[in-house]
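Novice: This is the structure I have questions about; it appears just below.
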Ligand code: IPE
Ligand code: IPE
Ligand code: MG
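Numbering (my numbering), first residue to last: 364 to 624.
As structure tokens, then:
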């Protein structure tokens, strides 16, 4: 099945033309600010989560239009269980519902959906829906959307270490051979590229435990906008900023300026 082009942005704008080498291969998105968006309007927090569904779809549309191959969306962290029972229950139900509601659209755009996160504690209904999405979109290749649900960067790293230890005890690998490359193979999505651009909305400037290993050299872009107000234009602005960054990865080039005469 050939993929359909996503619906256009209401403004009619299309993605800015940026040379392919300056387009991030993997964008990590911390979809933050739903609760504040709702509370500012005199609404309960869950109304903000509801309003965020459209933003996620629009950002995926924008990623496709710009040729970004991988988007990781932080939907529920391993720390979000600390929230009120009402909010946790809402988020679990909502997460499964969004996936069910949007599956056909994402499928038609050629999006491959994957899940990163821990299984224990996560609602069975959500796991089932994530697995349906993974199965039904496995053949798609326009863009990969990694839904990070019950995800925590430290949990992912600790789980990888535990599996490595078990494999070493079973004689499958030699402890002395564990290096960064072998370690990365034990992470949730080992075949995906490192995060190039780490985008967080709502004005907060922190990782909150998202893709810690993969973001070691990511460019951080913080936007002072609450998630439900986000659309693809925000993503494109962020990528334009990213494209200006000088990525050095620890290297350095001597470029002494000529003394003014
Ligand atoms: C992000 O918005 C969504 C989730 C964490 C699920 P928040 O719910 O964190 O909204 P704020 O940050 O409290 O405004
Ligand atoms: C990060 O946002 C988690 C998600 C967006 C799913 P939080 O709102 O939970 O993070 P903190 O509490 O501000 O660090
Ligand atoms: Mg938040």
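For every residue, glycine included, the Cβ atom is placed at its ideal position computed from N, Cα and C.
In this text, all values refer to a predicted model and were calculated from it rather than measured experimentally.
Within the present structure, is the beta-carbon of residue 565 separated from the nearest heavy atom of ligand 3 by less than 7 angstroms?
Specialist: In the chain shown, the residue the question calls residue 565 occupies position 202. Because some heavy atom of ligand 3 lies under 7 angstroms away, the Cβ of residue 565 counts as near it: yes.
Novice: Residue 460: beta carbon under 7 angstroms from a heavy atom of ligand 3?
Specialist: As a first step, residue 460 must be located in the chain shown, where it is residue number 97. Residue 460 Cβ: outside cutoff for every heavy atom of ligand 3.
Novice: Just checking residue 412 against ligand 1 - is the residue's beta carbon closer than 7 angstroms to any of the ligand's heavy atoms?
Specialist: The residue you call residue 412 lines up with position 49 of the chain shown. Yes, Cβ of residue 412 sits closer than 7 angstroms to a heavy atom of ligand 1.
Novice: Identify every run of the beta strand (DSSP E) within the stretch 507-587, keeping only runs that are complete inside it and at least 3 residues long; order them along the chain.
Specialist: Counting only runs of 3 or more, we get 560-563, 582-585.
Novice: What does DSSP give as the partner residue(s) for residue 475 in the beta ladder?
Specialist: Reading the chain shown from its first residue, position 112 is the one you call residue 475. Answer is 507.
Novice: Any residues whose CB sits closer than 5 angstroms to a heavy atom of ligand 1? List them in chain order?
Specialist: Going along the chain, the residues that qualify are 395, 396, 397, 398, 399.
Novice: Does at least one heavy atom of ligand 4 sit under 7 angstroms from the Cβ of residue 437?
Specialist: Of the ligands one can find in the structure shown, namely ligand 1, ligand 2 and ligand 3, none is ligand 4.
Novice: Which one or two residues does DSSP pair with residue 435 in a beta bridge?
Specialist: Numbered from its first residue, the chain shown carries residue 435 at position 72. Its beta-bridge partners are 391, 509.
Novice: On a CA-only basis, which of 393, 443, 426 is nearest residue 504? Give me that one, please.
Specialist: On the chain shown, residue 504 is found 141 positions in, with the first residue counted as 1. When only C-alpha atoms are compared, the closest one is 426.
Novice: Can you tell me whether residue 428 is buried or exposed, with buried defined as 16 or more other CB within 10 angstroms of its CB?
Specialist: In the chain shown, residue 428 corresponds to position 65, counting from 1. Buried is the call here.
Novice: For residue 409, report the span of its alpha helix (DSSP H) as first-last.
Specialist: Sequence index remark: in the chain shown, residue 409 carries index 46 (1-based). Residue 409 -> alpha helix (DSSP H) spans 408-429.
Novice: Between which residues of its own chain and residue 409 is the CB-CB distance below 6 angstroms, once the five residues before and five after are set aside?
Specialist: For this step, residue 409 is matched to residue 46 along the chain shown. Result list for residue 409: 453, in chain order.
Novice: Please name the residue or residues paired with residue 440 in a DSSP beta bridge.
Specialist: Against the chain shown, residue 440 aligns to sequence position 77. Answer by DSSP bridge pairing, in chain order: 514.
Novice: DSSP three-state call for residue 364: helix, strand or coil?
Specialist: For the purposes of this step, residue 364 is taken as the residue at position 1 of the chain shown. If DSSP states are grouped into helix, strand and coil, residue 364 belongs with coil.
Novice: Quick one: what's got a C-beta closer than 8 angstroms to residue 484's C-beta in the same chain, skipping five residues either side?
Specialist: The residue labelled residue 484 in the question sits at position 121 within the chain shown. So the list reads 444, 513, once near-sequence residues are dropped.
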